[in-house]
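First residue of the sequence shown: 36, per the working numbering; consecutive thereafter. A quick write-up on the structure given underneath.
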Amino acid sequence: MFPVDADDRNPTVDSLRQALSAATRRADQAEQALEAIYAGEADAILVPAGSGPQVFIREGADRPYRAIVELMAQGVAVCDAEGRVLRSNDALADLLGLPADRVIGRPVAALFDPDSIGHLEALVASARSGSERRDSVLLRLLGPDGATLPAAVGVGTLELDGLDAFLVTVTDLSHQKRDEELLASERLARSIIEQAVDAIVVCDPEGRVLRASREAHRLCGGNPLLRPFVEAFPLRQTGSGPEGSGVSPDAPPLPPAEVFGEEPVRNREVALACGDRRDVLLLNSGPIRDEVGRRLAYVVTMTDVTPQKRAQARLVEADRRKDEFLAMLAHELRNPLAAIAYGVALLRGGGGGAPDDEVAAILERQVAHMRWMVDDLLDVARVERGRIALRPDTVDLGELADQATRAVRPSAEAKGHALALDRLPGPIWVKADATRLEQVIVNLLTNAVKYTPPGGRIRLAIGPDPGAEGRLLISVQDNGLGLTPEMRERVFDLFSQAERSLDRKEGGLGIGLTLVRRLVELHGGKVEVASDGPGLGSTFRVRLPAAEPPDPAERPEEPEDDRAAIGPARHVLLIDDNRDMGTALARLLRAEGHRVDLAHDGPSGLERAEQLRPEVLVVDLGLPGMDGYELARRLRRAPWMADRRLISLSGYGGVEDRKRSITSGFDRHVTKPVDLRRLDRYIRGACDASAGGEAGGVGGPDPAEPGRSTYRILLVEDQQSLAEVARRVLQRIGHEVELAADVPSALEAARRFLPDVILCDLHLNAPMDGLEVARAVRLEPELADARLIAVTGRDGQAARDRSLASGFDLHLTKPVDFTEVDRYVEQARRR
């Protein structure tokens, strides 16, 4: 061995000495660590490394703690100060879907959704700062296949022999969240069911109710839960009856199989009969199945459509009554038109002599009848729209009753009725529009006359109401057809009538009683009807407020009838585009003494007015070229028109029509057909406040032509006046005519008379109608060549088909021009 000089400074020797010293220290540390481990004083060794510290744990040293951690349902991770996982349990590895060895050493932040890392770091910082808060936070953990799991995450500090570490606990909330979502979904479903407008019922596969909405409880009338569905909801099948409701207590029950079938039920209309209630429902039902197709339950929904069905029934009923009304209107208009046509034919066939008094009376009656019908139509339309204005005054109810009785007595006597008026002596004062109140009484009396069989008794009584002081009672009682309870409920409805027979002998439009009720209500009164039933008569009662007697000084004076006292005859310019109407009215006015000139359109009327400068101009409003309103405005600009009178003619007589006429410059507004006496008063200068007239119209057939064929004609008509007029028309043009009024006399006359043509009214006032005549005639061999022509007031394909099927050759609707019989026969032969 070589001595070494102490002062010698060799670098290599120094390096070796330092390395030896370091190795000695590490050996001492390793020895101390091993001694500590052997002595049970240490469980792990932490070895720094370039890639991070490595932990070596003595096997079995942490076994008790690991056993506890592994038994925990929560995921647990022990992390160092840098946030790397030092230890985790299997629960955390399962949540992450990773092997346990792949969790160790990973940053704990890498285990969470990026949106949750900030919250995790805040939790760690809070824990390491010594904050007292230990609340867990809801974060999203990265699960298998990239899915995220809801988790409650908590962080706490941990001391490992001076090692700065922290503990992360992860509680899986997936099942809890799922349960909460299911619970929320259940609550939502319950809320939907409870608050649904429709009835919703959930049943088990056996049809027992498990859940029901409030509407289902209402329909059931109680609690349907745990009851069989068919018992809680006794559904019945529906029909398609004429009323449109389809609800009948006698309808068969709906079979359960139609509710709980294999296939869904959609919008099935059913009826629900619970107690006295009858509801119409739309039923929908279907099974709920699991993923393998097993039925778990049934869901049934029921929509209450009863209000809609009732509204539909009302619309159907209104439409039916409207159709009936139109048919009645056609019938009621054709009858007077037929009589007018016959009368005009008689006048034409009578040569140039004086008019036949009987024909004139027929024409006058039928025109009055048509005017009455049109008046009622207009009045009921005005009242329904609130456009009728009363002119109330203190009037004597007794006098109105007298006038109404006189007006109705001829029609009552024609049917052999005894019409009596029962009233106290002296005036009975009432505040009313005299015209309208008389109209009420006339309509009630006319209704009684129509619906009382011949030879009946009708009593009109007026006086104080015994049941109410200060009120008056008008009572119309008859022993006629009476009313059913159902008819009593709707007798005042528009277009409502009792059942009608084919003969339509009672007539009417079904608006008279509606007008009565509206007019009575406008007078502050009330109308009601009583009847013990069909065949037992009816009593209509009107109650009105009584009035104090008027001051005699205020009683109006009756207008004078002396036309000369009203004023002199005038020079009149009549402007009307209807040449026939203008010519006829001009002749009537000339007959009253007036000088009349004519024009037929607006421009020529304006020109003639400038030339003639008449005293009075009577102007139709519907003129071509320039209407009557514009013509009036232009005329009023002329200085010479300052003292001239302008009178408008129109088929429209409403309040607005009158106002428009007056504001255009007219002095009077007169509705067609013109009341000649009133028009004459206006022309002469009378100041009658009740301007206007009544609406209506008159028509007639074309004149008969010479050279017609003549026939032996059997006319079957039960209305004697019409039959006589028709016979005279037919005889005057050369035909041989026999009359019959019913089926037996018609058949007897046909066998005896052997007619070429049988003209038969279908609606005979007899047990058998005109269709029976045709059927019987077709069975008679000697009448095989006779032409059968049906005459009726009803039109339409169904009526025509019925006539032809019964044996008629031709179907004609009234009015019939009997001067054209040869044309009708030719049409029948071609058929």
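Every residue, glycine too, gets a C-beta built ideally from N, C-alpha and C. Every value quoted in this text rests on a predicted model; they were computed, and no experiment measured them.
Beta carbon of residue i, beta carbon of residue j: below 9 angstroms?
i    : j    : result
I147 : L173 : It should be noted that the sequence gives Phe, not Ile, for residue 147. It is not a contact, given that the beta carbons lie outside the stated cut-off.
L495 : V511 : yes
D612 : H629 : no
L652 : V607 : yes
G498 : L459 : yes
G31  : D207 : With the chain represented from 36 up to 866, any question about residue 31 goes unanswered, as that position is not in the structure.
G602 : D655 : no
R17  : V305 : Any question about residue 17 goes unanswered here, given that the chain covers just 36 to 866.
P240 : L331 : yes
I748 : D791 : yes
L507 : I463 : yes
R175 : D150 : yes
R523 : V564 : yes
L757 : A775 : no
G663 : S639 : no
P427 : D468 : yes
E773 : T745 : no
G191 : L198 : no
V111 : H154 : no
V232 : V265 : no
Residue range of the alpha helix (DSSP H) that residue i falls in?
i    : result
L548 : 547-557
Q438 : 432-449
F125 : Here residue 125 is Asp; the residue named in the question, Phe, does not match the sequence. Segment 125-131, the alpha helix (DSSP H) holding D125.
R525 : 520-525
S161 : 149-163
D615 : 614-626
Out of curiosity, what's the CA-to-CA distance linking residue i and residue j?
i    : j    : result
T273 : M337 : 15 angstroms
E473 : E250 : 54 angstroms
E665 : R693 : 15 angstroms
V237 : L316 : 17 angstroms
A453 : L571 : 17 angstroms
G328 : A128 : 37 angstroms
T871 : F527 : The question about residue 871 has no answer here: the residues shown for the chain are numbered 36 through 866.
P659 : D702 : 22 angstroms
I476 : V562 : 12 angstroms
D710 : Y717 : 11 angstroms
P816 : R786 : 10 angstroms
E759 : A581 : 49 angstroms
S536 : L847 : With a pLDDT of only 40 at S536, under the threshold of 50, the placement of this residue in the model should not be trusted, and no figure is reported.
F853 : K707 : 28 angstroms
G242 : E156 : 57 angstroms
R323 : K212 : The question names Arg, but residue 323 is Ile in the sequence shown. The straight-line gap from Cα to Cα measures roughly 25 angstroms.
D115 : L55  : 33 angstroms
V856 : P445 : 34 angstroms
L579 : G560 : 5 angstroms
A10  : E504 : The structure shown does not extend to residue 10, since the chain is modelled only from 36 to 866, so the question has no answer here.
L818 : G515 : 41 angstroms
Y62  : D49  : Contrary to the premise, residue 62 reads as Ala rather than Tyr in this sequence. Going by the C-alpha atoms only, they are around 20 angstroms apart.
R873 : E352 : With the chain represented from 36 up to 866, any question about residue 873 goes unanswered, as that position is not in the structure.
R679 : R672 : 12 angstroms
R625 : V631 : 6 angstroms
K357 : R837 : 22 angstroms
A826 : R525 : Per the sequence shown, residue 826 should be read as Val rather than Ala. Cα-Cα distance, rounded: 33 angstroms.
L307 : A182 : 52 angstroms
Check for me: the beta strand (DSSP E) holding residue i runs from which residue to which?
i    : result
V851 : Neither: V851 is in no beta strand (DSSP E) and is coded neither H nor E.
T706 : 703-706
L198 : 198-207
T653 : Residue 653 is actually Val in this sequence, not Thr. Note, V653: beta strand (DSSP E), 651-655.
I497 : 492-499
E642 : Element bounds for E642: not the beta strand (DSSP E) but the alpha helix (DSSP H), 637-647.
A135 : Where A135 is concerned, there is no enclosing beta strand (DSSP E), although the alpha helix (DSSP H) it sits in stretches over 135-138.
V562 : 561-565
V607 : 606-610
Evaluate the contact criterion for the segment 430-441 versus the segment 553-563: three or more CB pairs, one atom per stretch, below 8 angstroms. Not touching, per the Cβ criterion.
Can you list the beta strand (DSSP E) stretches of 3 or more residues lying completely in the segment 247-317, in chain order? Those beta strand (DSSP E) runs which fall completely within the segment 247-317 and span 3+ residues are 270-272, 300-309.
Inter-stretch contact (C-beta, 8 angstroms, three-pair minimum) for the segment 805-818 and the segment 829-842: Pairwise C-beta distances place the segment 805-818 in contact with the segment 829-842, as three or more of them are shorter than 8 angstroms.
Can we say the segment 250-260 touches the segment 328-344, given the rule of at least three CB pairs closer than 8 angstroms? The segment 250-260 vs the segment 328-344: in contact.
Ignoring anything shorter than 4 residues or poking outside the segment 784-853, list the alpha helix (DSSP H) runs there in chain order. The alpha helix (DSSP H) runs lying completely inside the segment 784-853 and spanning 4 residues or more are 805-812, 832-841, given in chain order.
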